[in-house]
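Going by the UniProt record's numbering, the sequence shown opens with residue 1, and the numbers climb by one from there.
The beta carbon of each residue, even a glycine, is placed where N, CA and C say it ideally should be.
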Amino acid sequence: MIKNMNSYPLYDDGEHKVYWLGIEEAEDERGILTNQYLVVDGSEAAIIEPGGFFVFSRVLKNVSSIVPPTRIKYLMYSHQDPDVIAGLNLWFEYAPLAKFVISELWVRFLPHLAVLSAGRTIGIPDRGSDFKLGNSTIKAVPSHYLHSPGNFSFYDEKSGILFSGDIGAAAFPEGEWYLFAEDFDEHVKYMEGFHKRYMSSTKALRAWVRQVRRLNPRIIAPQHGAIFSDENVGKFLNWLEGLEVGIDVFEGEFYGD
1 MIKNMNSYPL YDDGEHKVYW LGIEEAEDER GILTNQYLVV DGSEAAIIEP GGFFVFSRVL
61 KNVSSIVPPT RIKYLMYSHQ DPDVIAGLNL WFEYAPLAKF VISELWVRFL PHLAVLSAGR
121 TIGIPDRGSD FKLGNSTIKA VPSHYLHSPG NFSFYDEKSG ILFSGDIGAA AFPEGEWYLF
181 AEDFDEHVKY MEGFHKRYMS STKALRAWVR QVRRLNPRII APQHGAIFSD ENVGKFLNWL
241 EGLEVGIDVF EGEFYGD
């Protein structure tokens with residue numbers, strides 16, 4: 001059964017801290033559950049995948065219990081889906097010093113969210129970019145076509161945590177939820193359908209796995225579903241590497257032989 005949970009620490013060396021930002025029972029009634037994350041280094045903070053309208057109050061409350069919102073330097077978005085970005089106009093007000101970080105492909109769409117960013121938007125070039133946070137660095141890792149054409153994962157170098165966006169997403173059945181994937185083989189059934197349908201390119205997926213292996217993350221934290229740690233990081237990457245997705249799976253069904 002899903003239980004209300006506040007923030008949970010994923011990393012803490014005293015100066016640099018990373019938190020998963022909780023969950024509420026009511027969110028299960030509003031669509032697929034989402035994960036948001038907070039990275040703090042010294043006096044600066046970043047929220048990864050701030051989320052949509054329904055989760056805003058919970059995320060703001062949990063962030064405020066750790067750092068004042070005025071210390072948020074970046075709001076970092078993997079892509080443009082509403083469950084990632086639809087709370088942007090609220091964050092514009094409550095985090096007045098924050099810059100909005102998103103693929104440059106999506107910057108021109110932000111006014112459609114009733115946000116006139118007034119120089120507060122940073123468009124990430126397709127090749128990726130590095131973002132300084134205190135004495136640490138968060139890397140925007142290209143993840144294009146997985147599933148958005150302008151898509152990024154975010155790698156926190158100091159903690160070794162890769163925030164993978166929809167890559168690794170799981171859709172739990174009603175009443176089922178856990179924060180960390182423990183039995184990977186059992187967890188696959190919650191990921192497989194999502195990845196085959198929402199990830200558009202097997203070639204892009206395997207290219208992403210190659211670059212992630214070079215980063216060698218200790219934790220992979222998706223926007224939906226459960227977090228991968230320890231040996232399950234490798235199991236997850238191996239599973240992705242052998243998976244066919246998107247047009248490679250559905251070409252015949254959608255377009256004929």
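Thinking C-alpha only, which one of the options is nearest residue i?
{"i": "N151", "options": "I85, G134, V63", "result": "I85"}
{"i": "S159", "options": "K99, L237, Q36, L215", "result": "L215"}
{"i": "S65", "options": "F53, T34, A45", "result": "A45"}
{"i": "G38", "options": "L179, H147, N89, L60", "result": "A small correction: the amino acid at residue 38 is Leu; Gly does not occupy that position in the sequence shown. Answer by Cα proximity: L60."}
{"i": "L162", "options": "N232, I219, E104", "result": "I219"}
{"i": "P222", "options": "W20, D126, L113", "result": "W20"}
{"i": "A181", "options": "R210, Y155, F236, D156", "result": "F236"}
{"i": "P217", "options": "L205, G234, A204, A207", "result": "G234"}
{"i": "K196", "options": "A169, P142, V249, L90", "result": "V249"}
{"i": "P96", "options": "K132, P111, T121", "result": "T121"}
{"i": "E192", "options": "Y178, W208, F172, E176", "result": "F172"}
{"i": "P68", "options": "L113, G42, E244, S143", "result": "G42"}
{"i": "D83", "options": "W208, R210, L205, L113", "result": "L113"}
{"i": "T34", "options": "F54, D183, V212", "result": "F54"}
{"i": "I23", "options": "I48, N62, S143", "result": "N62"}
{"i": "K203", "options": "F56, S143, E186", "result": "S143"}
Just to confirm the assignment, what range does the alpha helix (DSSP H) spanning residue i have?
{"i": "G234", "result": "231-241"}
{"i": "V59", "result": "56-64"}
{"i": "E244", "result": "It is not in any alpha helix (DSSP H) - E244 carries neither H nor E in the DSSP assignment."}
{"i": "P82", "result": "82-85"}
{"i": "S88", "result": "Looking at the sequence shown, residue 88 is not Ser but Leu. Residues 88-94."}
Quick one: Cα of residue i to Cα of residue j, how far?
{"i": "F194", "j": "S200", "result": "11 Å"}
{"i": "Q80", "j": "W239", "result": "26 Å"}
{"i": "Y94", "j": "G242", "result": "43 Å"}
{"i": "L10", "j": "H224", "result": "16 Å"}
{"i": "Y77", "j": "V101", "result": "6 Å"}
{"i": "A140", "j": "I124", "result": "8 Å"}
{"i": "I32", "j": "E174", "result": "10 Å"}
{"i": "F92", "j": "A98", "result": "8 Å"}
{"i": "A170", "j": "L146", "result": "14 Å"}
{"i": "I227", "j": "L88", "result": "24 Å"}
{"i": "Q36", "j": "P50", "result": "6 Å"}
{"i": "N135", "j": "D13", "result": "13 Å"}
Tell me where the beta strand (DSSP E) around residue i begins and ends.
{"i": "V18", "result": "16-20"}
{"i": "Y145", "result": "Counting along the chain, Y145 falls outside any beta strand (DSSP E), and DSSP gives it neither H nor E."}
{"i": "Y37", "result": "37-41"}
Can you say whether residue i is buried or exposed, counting buried as having 16 or more other CB atoms within 10 angstroms of its CB?
{"i": "K189", "result": "exposed"}
{"i": "S164", "result": "buried"}
{"i": "V18", "result": "buried"}
{"i": "E253", "result": "exposed"}
{"i": "D126", "result": "exposed"}
Quick check for students: name the residue ranges of the beta strand (DSSP E) that lie wholly in the region 147-205, counting only runs of 3 or more.
152-156, 161-165
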